[in-house]
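J.:
4 protein chains.
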Amino acid sequence: MFEINKVGWLEKDIPEIGPLDALMRPVAVAVCSSDTHMSHGGSGPAFNVILGHEAIGEVVRVGELVKNFKPGDICVVPCCTPDWGERDLQMRDSNNAHGGGMMRSFKFLTQKDGVFAEFFSVNNADSNLVLKPDNVSIDDALMTTDMMSTGFYGAEQANIQIGDTVVVFGIGPVGLMAIAGARSLGAGKIIAIGTRPNCAELAREYGANHIVSYKEGDVVEQITAIAGGKVDSAIIAGGNASTMLQALSIVKSNGVVSNINYFDASETFTIPTFMWGLGMSDISIKGGFCPGGGYRIERLLNMISNDRVHPGKLLNYKYEGFEKIPDAFKAMDEKPRDLIKSGVYINWD
Amino acid sequence: MFEINKVGWLEKDIPEIGPLDALMRPVAVAVCSSDTHMSHGGSGPAFNVILGHEAIGEVVRVGELVKNFKPGDICVVPCCTPDWGERDLQMRDSNNAHGGGMMRSFKFLTQKDGVFAEFFSVNNADSNLVLKPDNVSIDDALMTTDMMSTGFYGAEQANIQIGDTVVVFGIGPVGLMAIAGARSLGAGKIIAIGTRPNCAELAREYGANHIVSYKEGDVVEQITAIAGGKVDSAIIAGGNASTMLQALSIVKSNGVVSNINYFDASETFTIPTFMWGLGMSDISIKGGFCPGGGYRIERLLNMISNDRVHPGKLLNYKYEGFEKIPDAFKAMDEKPRDLIKSGVYINWD
Amino acid sequence: MFEINKVGWLEKDIPEIGPLDALMRPVAVAVCSSDTHMSHGGSGPAFNVILGHEAIGEVVRVGELVKNFKPGDICVVPCCTPDWGERDLQMRDSNNAHGGGMMRSFKFLTQKDGVFAEFFSVNNADSNLVLKPDNVSIDDALMTTDMMSTGFYGAEQANIQIGDTVVVFGIGPVGLMAIAGARSLGAGKIIAIGTRPNCAELAREYGANHIVSYKEGDVVEQITAIAGGKVDSAIIAGGNASTMLQALSIVKSNGVVSNINYFDASETFTIPTFMWGLGMSDISIKGGFCPGGGYRIERLLNMISNDRVHPGKLLNYKYEGFEKIPDAFKAMDEKPRDLIKSGVYINWD
Amino acid sequence: MFEINKVGWLEKDIPEIGPLDALMRPVAVAVCSSDTHMSHGGSGPAFNVILGHEAIGEVVRVGELVKNFKPGDICVVPCCTPDWGERDLQMRDSNNAHGGGMMRSFKFLTQKDGVFAEFFSVNNADSNLVLKPDNVSIDDALMTTDMMSTGFYGAEQANIQIGDTVVVFGIGPVGLMAIAGARSLGAGKIIAIGTRPNCAELAREYGANHIVSYKEGDVVEQITAIAGGKVDSAIIAGGNASTMLQALSIVKSNGVVSNINYFDASETFTIPTFMWGLGMSDISIKGGFCPGGGYRIERLLNMISNDRVHPGKLLNYKYEGFEKIPDAFKAMDEKPRDLIKSGVYINWD
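See below:
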């Protein structure tokens with residue numbers, strides 16, 4: 017990304033690494049709609065930034081204080097790599113995405129170059145990297161770095177109790193993982209909102225019991241009919257600022273609206289107070305970022321290796337070779353109707 | 017209340033009571049700004065409703081299934097009296113204010129007549145009433161029914177951890193109780209926002225370390241200077257829909273904005289997405305209603321009788337005699353500069 | 017049960033019902049090892065008590081204040097039927113099994129006669145009964161009343177986080193449901209301890225990844241080898257007081273030992289302090305009873321009707337006819353090697 | 017400490033420090049009963065270890081990667097100094113005392129020499145040290161390092177709800193801080209168990225409403241009489257393994273027994289199953305270690321500087337000069353009847 021709406025190859029030096037860091041090269045990468053969103057200025061202007069934050073990488077070199085990794089190790093790289101020395105990460109029961117300030121643990125794109133490069137660096141390697149287990153496929157492992165971590169976080173935020181009825185707005189890759197997360201955390205009935213046929217099929221496979229499309233009538237009315245009234249919680253994994261109103265109107269008191277969508281910086285929530293019980297509804301509104309770090313990735317990998325879920329199914333546009341990254345990016349940007357997620361596999365030999 | 021903006025004495029029959037209910041007459045009542053707010057249509061139109069929901073009462077008659085109370089008992093009456101047969105009250109870890117639907121446990125004013133009457137009824141008497149303990153003053157006991165329960169709920173919602181820095185917007189009676197609640201739940205520094213001198217003095221007594229006034233400059237800048245940056249949580253106990261923006265702008269990621277304010281039905285929250293980290297800030301927005309029931313009142317009385325807090329200090333406009341209720345109502349409605357809370361003591365002999 | 021170790025048919029009057037209660041007759045019942053345990057004096061002496069607490073029943077008559085049920089309704093009857101007027105049930109975030117004192121919500125067997133009778137009564141019918149949904153089988157519905165509720169509670173108590181490794185001691189019906197519960201709440205790897213072949217097979221179907229038998233060596237060593245060290249939490253659903261020591265020795269700091277086993281009143285836990293880090297291990301020890309009430313049963317039924325789990329598979333010894341209850345009881349008491357759970361279906365026509 | 021029951025001055029080299037560490041010398045130290053306990057072999061044998069883990073220190077030298085501290089800084093040193101690179105510290109909502117294994121964040125005494133020395137080292141200085149604020153006294157600051165952090169943790173573990181009745185076993189320095197912590201977290205009535213008169217006086221000042229002595233009769237009976245039945249939670253901050261039985265017998269279902277006592281390695285808990293409801297009581301048994309790190313210390317200091325509590329009052333045996341450490345140690349070891357806590361102030365000029 018050179019500037020807003022202008023992407024292409026940049027020539028840059030190999031990143032410097034500190035004593036706790038690792039230098040890596042990508043073995044497999046996936047393109048995220050936040051990459052494309054950013055390239056269009058969705059989070060404000062940016063210049064000469066290398067995009068990409070979902071990767072499996074090979075360790076090339078490690079800093080002198082790195083103890084647990086060595087060149088040649090094939091590792092899962094979380095998209096969110098906290099600097100574990102940040103003091104606010106010591107706060108008990110907090111999302112580690114915000115070490116040192118809001119979203120400051122998300123280093124790629126915002127504080128340094130991303131992973132769509134011949135080399136990229138990972139801070140605090142011992143704390144953030146995870147060796148790819150042999151019994152987990154590249155596709156499954158790659159999808160833990162952001163999609164599964166973010167989608168599952170949407171379900172965690174929703175505070176699902178056993179047997180709850182949960183709505184998931186959006187059946188793109190994050191929404192699909194939110195569905196899988198809701199099922200993994202005890203949801204009874206899951207109602208997903210979306211229209212793309214192959215996403216709908218995968219939504220059912222990941223645990224959705226009903227798929228609601230805006231094309232078939234008012235979404236809130238359809239949900240109400242299926243649920244027999246209001247629902248216990250709603251996860252927003254797509255849509256725009258007005259989706260918040262739909263969510264608030266269908267969640268019960270003592271329920272949660274859990275957002276994991278990345279709203280455009282130009283949008284505004286416009287919520288009449290009566291939609292939120294004049295402030296006394298006891299409907300909690302939460303919105304969070306993908307948690308990172310090696311411990312979380314290990315946990316997600318433990319779900320996969322014990323056959324609870326297979327997020328790799330999201331990857332249905334696959335490319336071979338470093339030079340195909342622009343094709344994968346273009347696919348994610350133009351979103352052909354059957355695309356769920358695009359990825360590129362790179363053999364450096 | 018005859019209709020919007022028209023209040024006065026209504027003649028009505030003595031309420032019928034069911035087998036689980038009690039008929040009571042008021043011994044002491046307090047006027048709440050939600051009474052005056054409602055009288056001006058703040059929660060929509062209403063006709064021929066008896067106002068009032070904060071009372072100490074004497075039991076006059078009990079239904080045939082009531083076991084624990086008898087005529088003559090002097091009881092604390094929570095403003096929120098759930099019907100404990102409602103199935104959603106069985107949900108673990110929920111606010112009981114919403115049994116049978118949003119705010120449905122708040123029966124006075126909305127589902128039946130209030131306590132500014134010669135007689136009023138209390139549903140599920142065994143579950144909702146509490147004998148006034150001898151070692152708790154009428155004033156302290158009266159303030160548990162709504163002010164202390166609501167203010168403390170604001171602090172509970174804020175998920176305060178030991179040593180947190182907390183902002184409380186508003187130093188009216190609910191804000192003052194939110195301050196006392198924040199101190200009771202482990203807050204370190206408490207910064208209160210308000211201007212009335214006698215409220216500010218009481219705010220300090222209840223635990224505020226700093227009082228910030230909008231008259232002395234931008235509120236957010238003043239808070240930032242005092243806190244040395246952002247704060248851990250904010251409790252909104254006053255202001256209007258725009259106060260939400262101030263709160264969102266000063267709370268850290270992983271913090272809570274806890275609302276207990278009663279917004280006007282005509283207002284709208286207008287929140288640019290970037291004020292909430294594009295949806296990924298991990299700042300939780302909560303807003304709830306006063307929890308009710310006898311168990312909670314007992315707990316609040318236990319705080320008082322063990323000398324943790326004395327909410328009765330809020331009552332600084334006091335009247336004697338049933339016929340003085342309109343005077344107390346007028347005081348609360350017109351809010352003279354030194355008024356905090358008005359109450360009426362009634363001797364039926 | 018006439019007295020300890022003496023069971024048979026008792027002649028008793030039809031139970032009286034109060035205004036909130038229902039009189040029912042059993043349509044399907046299951047025998048629980050707590051019934052047989054009690055018959056041998058496991059919870060102390062008892063005389064002339066009708067056993068049985070797992071039932072689907074038909075409403076015969078309702079008290080005058082019951083609004084939601086009528087004669088002929090086929091209902092799921094939770095084994096634990098709280099009196100929702102009890103004040104301590106108003107405590108936020110508590111297990112409803114203890115309304116009015118420890119385990120006082122468990123009325124059958126201890127406070128009144130059980131369900132192995134032509135007629136039995138259910139207190140607080142509107143709050144405790146649930147209409148059996150058409151799309152849930154009798155077997156599945158019957159298993160929610162105790163087995164699924166108890167087993168899932170073991171998993172809830174264990175505070176499982178996404179991807180955790182969890183051990184379940186015991187693969188009897190409660191252990192099997194604890195396995196299903198752990199999977200439903202996000203466990204990654206589940207290691208189950210037990211020996212019976214058909215239980216082991218069902219354990220795998222419900223989500224166990226590994227089955228460990230004491231016959232093949234030291235249980236703790238086997239678990240350690242499979243988990244690669246200590247585990248995140250352990251659920252005790254079988255064994256005796258010494259099982260607690262095994263659990264304490266394999267759970268990590270910040271983990272939970274969650275007991276749902278019914279220990280014999282004659283046993284004693286003998287725990288050297290160093291097994292619990294001299295008191296500073298941060299391993300929580302919890303032990304709880306099956307939560308009850310209609311809301312919980314509805315949630316469990318929502319899991320079933322949305323195809324998350326099918327607890328009815330536990331019932332592998334099935335009998336037809338009221339007079340077969342002693343046969344089912346005998347089976348549960350003598351535990352033939354292939355028995356998991358015995359049940360009786362009753363047609364009153 | 018040379019070996020069990022043999023203490024004196026050891027000659028050792030100045031500790032080496034790593035790139036993230038700091039070398040410090042003590043400005044003020046306090047003696048803990050875990051120091052004396054260890055010297056008598058309470059946690060097993062040990063040889064040639066320098067004791068001491070409560071200190072305010074001056075930075076002498078810092079490792080090359082330390083950014084926030086420099087020689088001459090006067091800092092509060094938490095007794096528990098996690099290595100923040102340990103992966104299990106990334107677990108959400110866990111006590112940081114166990115990074116890398118049970119109690120492994122407690123480095124002094126067990127993994128390296130303590131603070132009763134001319135020089136001592138602190139690992140991960142940027143994460144663990146806190147500059148002593150000017151508006152906090154040395155005494156107050158020194159008491160945050162272990163006593164206040166541990167005592168307050170006892171209250172946090174107890175999951176106190178507003179208005180709860182709480183028992184604290186023990187009124188030594190940790191018990192006194194548990195009392196202050198229980199009050200700071202919302203306890204209504206606090207009942208403390210102990211006999212020493214000056215401790216009892218301070219217990220009342222920190223928030224105890226009743227003091228119960230075993231000399232005046234059965235402790236459980238006295239508590240029951242004061243509380244009017246069972247209590248909501250109990251904190252064990254003294255006594256021996258049998259204290260657990262007293263605690264279990266007076267806590268309600270859905271309550272917590274919270275241990276912060278350091279039991280002798282030779283003791284055994286002997287708990288008849290019926291004391292714990294045959295395993296189904298829903299009384300949680302927790303026991304944990306002092307959490308550490310700079311963030312927690314900052315929070316405790318925020319309590320002090322905002323006048324919520326003053327733990328420095330514990331220090332009633334004060335000495336001047338490095339050479340007085342043995343006197344302070346002897347005082348703590350022999351425990352004269354009026355001793356609460358002993359400390360030494362050191363001026364290196």
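Residue numbers (this note's numbering), protein chains in the order written: chain A, 17 to 365; chain B, 17 to 365; chain C, 17 to 365; chain D, 17 to 365. Glycine included, each C-beta is placed from N, C-alpha and C at the ideal position.
Return the first residue and the last residue of the beta strand (DSSP E) that residue 226 (chain A) is part of.
T.: That run of the beta strand (DSSP E) goes 226-228.
J.: For residue 303 (chain B), list the residues DSSP reports as bridge partners.
T.: Answer by DSSP bridge pairing, in chain order: B:275.
J.: Measure from the C-beta of residue 225 (chain A) to each C-beta in chain C and report whether the shortest distance is under 8 Å.
T.: Closer than 8 Å: yes.
J.: Would you report the Cα separation of residue 239 (chain B) and residue 216 (chain B), rounded to the nearest angstrom?
T.: Between residue 239 (chain B) and residue 216 (chain B), the C-alpha separation is close to 16 Å.
J.: List the DSSP bridge partners of residue 358 (chain C).
T.: Its beta-bridge partners are C:333.
J.: Considering just the uninterrupted stretch of the alpha helix (DSSP H) at residue 73 (chain C), what are its terminal residues?
T.: Looking at the DSSP string, residue 73 (chain C) is not in any alpha helix (DSSP H); the run it does join, the beta strand (DSSP E), is 70-78.
J.: Suppose you measure from the CA of residue 363 (chain C) to the CA of residue 338 (chain C); what does that come to, to the nearest Å?
T.: Roughly 8 Å separates the two Cα atoms.
J.: Report the rounded CA-to-CA distance for residue 102 (chain C) versus residue 180 (chain D), giving the unit in angstroms.
T.: Distance between the alpha carbons of residue 102 (chain C) and residue 180 (chain D) is about 18 Å.
J.: Please compile the residues from chain B whose C-beta is within a distance smaller than 8 Å of the C-beta of residue 35 (chain C).
T.: Those within 8 Å of residue 35 (chain C) in chain B are 35, 81.
J.: What does residue 173 (chain C) touch in chain B if you count any residue whose Cβ is under 7 Å from its own?
T.: Under the 7 Å cutoff, chain B gives no residues; its nearest Cβ is about 12 Å from residue 173 (chain C).
J.: Residue 107 (chain A) versus chain D: which residues are under 8 Å apart at the beta carbon?
T.: Under the 8 Å cutoff, chain D gives 311.
J.: Which term fits residue 230 (chain D), buried or exposed, when burial requires 16 or more other beta carbons within 10 angstroms of its beta carbon?
T.: Residue 230 (chain D) is exposed by the Cβ-count criterion.
J.: Just to make sure I have the definition right: I need the residues of chain A whose C-beta is within less than 7 Å of the C-beta of residue 200 (chain C). Which are they?
T.: Chain A residues near residue 200 (chain C): 178, 202.
J.: Hey, would you say residue 93 (chain D) sits closer than 8 Å to residue 159 (chain D), going by beta carbons?
T.: In this structure, residue 159 (chain D) does not lie closer than 8 Å to residue 93 (chain D) by Cβ.
J.: Considering only DSSP beta bridges, list what residue 40 (chain C) is partnered with.
T.: DSSP output for residue 40 (chain C) lists C:75, C:136 as bridge partner(s).
J.: On the premise that residue 74 (chain D) lies in contact with residue 88 (chain D), defined as a C-beta separation below 8 Å, what is that separation, rounded to the nearest angstrom?
T.: Confirmed, Cβ separation roughly 7 Å.
J.: For residue 201 (chain C), collect the residues of the same chain with a Cβ closer than 6 Å to its Cβ; drop the 5 residues on either side in sequence, then sort them by chain order.
T.: Counting only Cβ-Cβ distances below 6 Å, and skipping sequence neighbours, we find 171, 176.
J.: Give me the chain B residues within the contact set of residue 128 (chain A), using Cβ-Cβ distance strictly less than 8 Å, ordered along the chain.
T.: Chain B residues near residue 128 (chain A): none, gap ~19 Å exceeds 8 Å.
J.: Just list the residues that DSSP pairs residue 124 (chain A) with in beta bridges.
T.: In the DSSP output, where bridge partners are listed per residue, residue 124 (chain A) has A:128.
J.: Apart from the five residues just before and just after residue 296 (chain A), which ones in its own chain have a Cβ nearer than 8 Å to its Cβ?
T.: Correct list: empty, nothing qualifies.
J.: Starting from residue 208 (chain B) and walking both ways along the beta strand (DSSP E), at which residues does that stretch end?
T.: Element bounds for residue 208 (chain B): 206-209.
J.: Just confirm the distance between the C-beta atoms of residue 307 (chain B) and residue 165 (chain B), as a whole number of angstroms; I'd bet it's less than 8 Å.
T.: That pair is a contact at about 6 Å.
J.: Does DSSP put residue 83 (chain C) in a helix, a strand or coil?
T.: Three-state DSSP puts residue 83 (chain C) in coil, outside helix and strand.
J.: Compute the distance between the beta-carbons of residue 349 (chain C) and residue 126 (chain C), then report whether it is under 8 Å.
T.: No.
J.: Between the region 150-159 of chain D and the region 315-328 of chain D, can you find at least three pairs of beta-carbon atoms closer than 8 Å?
T.: Judged by Cβ distances under 8 Å, the region 315-328 of chain D makes contact with the region 150-159 of chain D, as three or more pairs qualify.
J.: Using a C-beta to C-beta distance shorter than 9 Å, which residues of chain B count as neighbours of residue 218 (chain D)?
T.: Within 9 Å Cβ-Cβ: nothing; residue 218 (chain D) doesn't reach chain B, min ~17 Å.
J.: Counting only C-beta atoms, is residue 261 (chain D) closer than 8 Å to chain C at any point?
T.: False, the Cβ-Cβ gap to chain C never drops below 8 Å.
J.: Whose Cβ in chain D lies nearer than 7 Å to the Cβ of residue 270 (chain C)?
T.: Those within 7 Å of residue 270 (chain C) in chain D are 107, 110, 111, 114.
J.: Using a Cβ-Cβ cutoff of 8 Å, what residues of the region 284-299 of chain B are near chain A? List them in chain order.
T.: Within the region 284-299 of chain B, the residues whose Cβ lies closer than 8 Å to some Cβ of chain A are 284, 285, 286, 287, 288, 289, 290, 292, 293, 294, 295, 296, 297, 298, 299, listed in chain order.
J.: Spatial neighbours of residue 105 (chain D) within its chain, please: CB distance less than 7 Å, with the 5 preceding and 5 following residues excluded, ordered by chain position.
T.: If we look at residue 105 (chain D) and ignore the five residues flanking it on each side, its Cβ neighbours are 98, 112, 115.
J.: Hey, out of C:218, C:45, C:331, C:20, whose CA is closest to residue 361 (chain C)'s CA?
T.: Answer by Cα proximity: C:45.
J.: Per DSSP, which residues does residue 285 (chain C) bridge with? Please list them.
T.: Note: residue 285 (chain C) sits in a beta bridge opposite D:287.
J.: Can you tell me whether residue 63 (chain D) is buried or exposed? The criterion is at least 16 other CB atoms within 10 Å of its CB, across all chains shown.
T.: Counting Cβ neighbours within 10 Å, residue 63 (chain D) comes out exposed, since fewer than 16 surround it.
J.: Along chain B, in chain order, which residues have C-beta atoms closer than 8 Å to that of residue 120 (chain C)?
T.: Within 8 Å Cβ-Cβ: nothing; residue 120 (chain C) doesn't reach chain B, min ~16 Å.
J.: Name the DSSP bridge partner or partners of residue 90 (chain C)?
T.: Paired residue(s): C:74.
J.: Taking all protein chains shown into account, decide if residue 226 (chain C) is buried (16 or more other Cβ within 10 angstroms of its Cβ) or exposed.
T.: Label assigned to residue 226 (chain C): buried.
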